[in-house]
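Peer 1:
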Amino acid sequence: MALCTSGEIRWWIFLTKCLFFGLLLFSSLETLSHAVGNPTHQVKGMLGGSVLFPANVSLGITVEKMEWDFRPQRHNLGYWWGEFSHGKLEHPSFSGRFGQRLDMVDETTLRIKDLELDDGGIYNTRIWFTKTQFQEQSFSLTVYEPVPTPQIHHQVESKTPDGCNVTLRCHTPGREDLSISWETGGPHSALGKSVNQYQVSDNGQELHISFWNSSFDSKFTCLVSNPVDQKGASFDLLNICQSDEGGHLQLLSWSPWLISSVIVLLVNDGELDELEDQIRKE
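Right, here's the structure in full:
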């Protein structure tokens with residue numbers, strides 16, 4: 001076997017070092033030029049409002065440009081609509097989809113104004129630091145409609161002079177994707193802290209209450225909400241538990257007094273007749 005000369009040995013050592021540093025440099029570039037595994041950020045907005053997409057960039061790092069693309073929830077086709085450089089939109093590809101509703105709050109934060117329902121979807125950005133170094137981030141936007149103002153309907157189940165049993169129903173026309181809860185008093189507090197006998201049914205829409213006139217809180221509030229909006233309506237049970245509402249139950253509660261009054265009137269009427277007869281005889 002032929003032995004390598006000292007020059008050939010130095011040459012192989014040189015090639016090995018070059019290969020090692022080449023692989024190390026390639027690995028570093030691959031790490032820098034591919035996306036960092038950041039989770040998708042959840043963003044919620046209301047129809048007609050605005051939302052922000054703040055890219056997570058460390059302080060002191062200069063951003064050369066940001067590229068954005070959009071994949072809507074209601075369509076399979078995605079859009080690439082250009083890049084922002086130094087806070088300005090350059091090379092727009094699909095700016096007509098958003099018109100003048102896009103702008104940059106700063107070099108790393110995108111804003112969409114006057115939100116539409118079709119704006120919901122996945123927004124991907126590629127943040128370039130140099131010509132070979134970039135980072136990718138994603139935002140998932142959900143656009144919600146404003147919550148309608150609820151209405152409270154009531155039904156008196158039973159009634160006495162001391163209180164009543166009532167069913168309150170919180171009605172939101174045409175909407176089923178809302179959260180419904182009940183509170184009482186002012187300021188509002190949870191039902192269990194001030195109402196001893198109650199039951200919630202029908203996915204929170206109905207509240208069954210045993211209410212006594214001596215109870216501390218008589219006002220009940222229905223709260224309807226989604227992740228970005230909330231509205232409420234209130235009802236005071238004193239309006240029905242201390243009124244004549246309740247039909248024959250209220251009448252029956254006064255029946256003993258009415259019967260006694262009628263008997264007294266009849267007795268008095270008979271005594272008057274006897275007195276008139278005596279006067280005539282005299």
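Here the sequence shown is numbered in the UniProt record's numbering, starting from 1 and rising by one per residue.
All residues carry an ideal CB built from backbone N, CA and C; glycine is no exception.
Take every Cβ of the segment 127 to 135, pair it with every Cβ of the segment 62 to 72, and state whether three or more of those distances are shorter than 8 Å.
Peer 2: yes
Peer 1: Taking a contact to mean a Cβ-Cβ separation below 9 Å, would you say A55 touches T142 in this structure?
Peer 2: Cβ distance not < 9 Å, so A55 and T142 don't count as in contact.
Peer 1: Would you say L110 and G48 are within 9 Å of each other, going by their C-beta atoms?
Peer 2: In this structure, G48 does not lie closer than 9 Å to L110 by Cβ.
Peer 1: Tell me, please, which residues DSSP counts as bridged to residue 313.
Peer 2: Because residue 313 is not part of the residues shown, which for the chain are 1 to 282, the question remains open.
Peer 1: Between which two residues does the beta strand (DSSP E) containing I112 stretch?
Peer 2: Segment 109 to 112, the beta strand (DSSP E) holding I112.
Peer 1: Confirm, please, whether the CB-CB distance from G232 to L238 is below 9 Å.
Peer 2: no
Peer 1: Could you check the C-alpha separation between V105 and E90 for me, to the nearest Å?
Peer 2: 16 Å
Peer 1: Please report the Cβ distance between T108 and V57, rounded to the nearest whole angstrom; I am assuming they are in contact, meaning their Cβ atoms lie under 8 Å.
Peer 2: 5 Å
Peer 1: Provide the residue span of the beta strand (DSSP E) that contains L238, from first to last.
Peer 2: Unbroken run through L238 is the alpha helix (DSSP H), 238 to 241; no beta strand (DSSP E).
Peer 1: Closest to F53 by CA distance: which of S138, Q100, F211 is it?
Peer 2: S138
Peer 1: In angstroms with no decimal places, state the Cα-to-Cα distance between G99 and E183.
Peer 2: 43 Å
Peer 1: Along the chain, where does the beta strand (DSSP E) that runs through N165 open and close?
Peer 2: 163 to 171
Peer 1: So if DSSP puts L207 in a beta bridge, which residue, or which two residues, is it bridged to?
Peer 2: L168, V200
Peer 1: Please name the residue or residues paired with Q137 in a DSSP beta bridge.
Peer 2: T125
Peer 1: Name, in chain order, the residues that DSSP records as bridge partners for E83.
Peer 2: Answer is E67, E90.
Peer 1: Go to T160, then tell me how far its beta strand (DSSP E) extends in each direction, as first and last residue.
Peer 2: 151 to 160
Peer 1: Which same chain residues end up closer than 7 Å to S225 when comparing Cβ atoms and leaving out the 5 residues on each side of it in sequence?
Peer 2: The residues are V147, L178, S179.
Peer 1: Spatial neighbours of L251 within its chain, please: C-beta separation below 8 Å, excluding the five flanking residues on both sides.
Peer 2: Summary for L251: the model assigns pLDDT 39, below 50, so the residue's position carries little reliability, and this model does not support an answer.
Peer 1: Which of the three DSSP states, helix, strand or coil, is assigned to G99?
Peer 2: In the structure shown, G99 sits in a helix (DSSP, three-state: H, G or I).
Peer 1: Ends of the beta strand (DSSP E) at K219?
Peer 2: 219 to 226
Peer 1: For K44, report the span of its beta strand (DSSP E) as first-last.
Peer 2: 41 to 46
Peer 1: Candidates V166, E145, M66, P161: which alpha carbon is nearest Q155's?
Peer 2: Each of V166, E145, M66, P161 was checked against the Cα of Q155, and the nearest Cα belongs to V166.
Peer 1: Could you tell me which of E136, S140, D103 sits nearest to D118, measuring between CA atoms?
Peer 2: S140
Peer 1: Can you tell me the Cβ-Cβ gap for C164 and I112, rounded? I've got them flagged as a contact below 8 Å.
Peer 2: The pair is not a contact, with the Cβ atoms about 51 Å apart (cut-off 8 Å).
Peer 1: Between E67, R74, K159, which has its C-alpha nearest residue 286's C-alpha?
Peer 2: A query on residue 286 cannot be resolved here, the shown segment of the chain reaching from 1 to 282 and no further.
Peer 1: What's the gap between the Cα of T149 and the Cα of S201?
Peer 2: 20 Å
Peer 1: Go to P54, then tell me how far its beta strand (DSSP E) extends in each direction, as first and last residue.
Peer 2: Residues 51 to 54.
Peer 1: Could you have a look at S234 and say whether DSSP puts it in helix, strand or coil?
Peer 2: strand
Peer 1: Do the CB positions of Q197 and S181 come within less than 9 Å of each other?
Peer 2: The answer is no: Cβ separation not under 9 Å.
Peer 1: Measure how close the beta-carbons of Y144 and V228 come, nearest whole angstrom, since I'm counting them as under 8 Å.
Peer 2: 5 Å
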